[in-house]
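I have placed the structure first, in the form of structure tokens, so that the comments after it can refer back to it.
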């Protein structure tokens, strides 16, 4: 499953014009064949071109949240909101399902990397990830990515993205550095 998700991310990154809302909406066709779940994608603000690194990480975090909602929440409604704000890109995924046990929410499920992987990806792009849930009350995943990282049209983009890339490389192998 992780391999297929990675390939989807590669396809997403190969086309710089790919819209994050369109990419996330395609998950509905993949997982909701019976149409049992009401799935909505709402976009607020004017769409802006995302930096490819940020776009890929946002997509993977969003995909994980949406897939988890379809597979585990038993939700009747799943909503994805993409908000293009002046100072950030915000992604909200919410469902009205069964919620997540507080222990699982805190430390994840043994043998599963979903929540911890989402947290690691958010950290790589200097984003803030909040996951709110209570058993029986559904779940909300909120990702906030600073504009200087998310959007290609930001004047400080190169220096911020360079730091994010440096952080990613150092995180994989402490022997490599870039100046």
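Residue numbers (my numbering): 395 to 573. Even glycine gets a Cβ: it sits at the ideal position worked out from N, Cα and C.
Point to revise | Chain-order list of residues whose beta-carbon lies under 6 Å from that of residue 535 (same chain, five-residue window excluded) | key: Locating residue 535 in the chain shown gives position 141, where the first residue counts as 1. Excluding sequence neighbours, residue 535 sits near 459, 487 and 525.
Practice item. May I ask you to list the residues that DSSP assigns as paired with residue 526? Key: Reading the chain shown from its first residue, position 132 is the one you call residue 526. As computed with DSSP, residue 526 is found in a beta bridge with 534.
Check your understanding: Near residue 441, what residues of its chain come up, given a Cβ to Cβ distance below 7 Å and the 5 sequence neighbours on each side ignored?
Key -> Counted from its first residue, the chain shown places residue 441 at position 47. Only 413 and 478 meet the Cβ criterion.
Review point. Under the three-state reduction of DSSP, which class applies to residue 413: helix, strand or coil?
Key: As a working mapping, residue 413 is identified with position 19 in the chain shown. In the three-state reduction of the DSSP assignment, residue 413 falls in the coil class, being assigned neither a helical nor a strand state.
Check your understanding: Helix, strand or coil: which one does DSSP assign to residue 483?
Key -> Translated into the one-based positions of the chain shown, residue 483 becomes position 89. The DSSP-derived three-state label of residue 483 is strand.
Review point. Mind checking residue 528: buried by the 16 CB within 10 Å criterion, or exposed?
Key: The residue you call residue 528 lines up with position 134 of the chain shown. Exposed, because fewer than 16 other Cβ atoms sit within 10 Å of the Cβ of residue 528.
Exercise for review: Take residue 490 and list the residues in its own chain whose beta-carbon comes closer than 7 Å to its own, dropping the five residues that flank it on each side.
Suggested key: Indexing the chain shown from 1 puts residue 490 at position 96. Excluding residues up to 5 positions away in sequence, 469, 470, 471 and 532 lie with their Cβ nearer than 7 Å to the Cβ of residue 490 in the same chain.
Practice item. Spell out the partners DSSP gives residue 433 in its beta bridges. Key: Position 39 of the chain shown, counted from the start, is the residue given in the question as residue 433. Partner(s): 472.
**Study point:** Simplified DSSP assignment, three categories, for residue 450
**Key:** By one-based count along the chain shown, residue 450 stands at place 56. Note: residue 450 maps to helix in three-state DSSP.
Review point. Applying the criterion that 16 or more other CB atoms from any shown protein chain within 10 Å of the CB defines a buried residue, is residue 443 buried or exposed?
Key: Residue 443 sits at position 49 when you count from the first residue of the chain shown. By the Cβ neighbour-count rule, residue 443 is exposed, with fewer than 16 other Cβ atoms within 10 Å of its own.
**Study point:** Through-space distance from residue 466 to residue 496, alpha-carbon basis
**Key:** One-based indexing of the chain shown puts residue 496 at position 102. One-based indexing of the chain shown puts residue 466 at position 72. Computed Cα separation, rounded: 15 Å.
Review point. Can the beta-carbon of residue 522 be found closer than 7 Å to that of residue 451?
Key: Residue mapping note: residue 522 aligns to position 128 of the chain shown, counting from 1. Residue mapping note: residue 451 aligns to position 57 of the chain shown, counting from 1. Going by C-beta atoms, residue 522 is not nearer than 7 Å to residue 451.
Practice item. Please determine, among 429, 484, 474 and 462, the residue with the shortest C-alpha to C-alpha distance to residue 508. Key: To locate residue 508, count along the chain shown from 1; it is residue 114. For residue 508, the closest C-alpha among the options 429, 484, 474 and 462 is that of 462.
**Study point:** Straight-line Cα distance separating residue 457 from residue 421
**Key:** Counting from 1 along the chain shown, the entry for residue 421 is found at position 27. Counting from 1 along the chain shown, the entry for residue 457 is found at position 63. Within the model, the alpha-carbon separation for residue 421 versus residue 457 is close to 7 Å.
Exercise for review: For residue 549, count neighbouring Cβ atoms within 10 angstroms of its own Cβ and tell me buried if that reaches 16, exposed if not.
Suggested key: Within the chain shown, residue 549 is the residue found at index 155, counting from 1. Low confidence applies here, because residue 549 scores a pLDDT of 48, under 50, leaving its location unreliable; read the following figure in that light. Per the 10 Å Cβ criterion, exposed.
Point to revise | Element boundaries [alpha helix (DSSP H), containing residue 543] | key: As a first step, residue 543 is located in the chain shown; it is residue number 149 there, counting from the start. Unbroken alpha helix (DSSP H) run through residue 543: 541-544.
Practice item. Report the residue from 418, 484, 434 and 511 whose alpha carbon sits nearest the alpha carbon of residue 545. Key: Start at 1 with the first residue of the chain shown, and residue 545 comes out as number 151. Of the candidates 418, 484, 434 and 511, the residue whose Cα lies closest to the Cα of residue 545 is 484.
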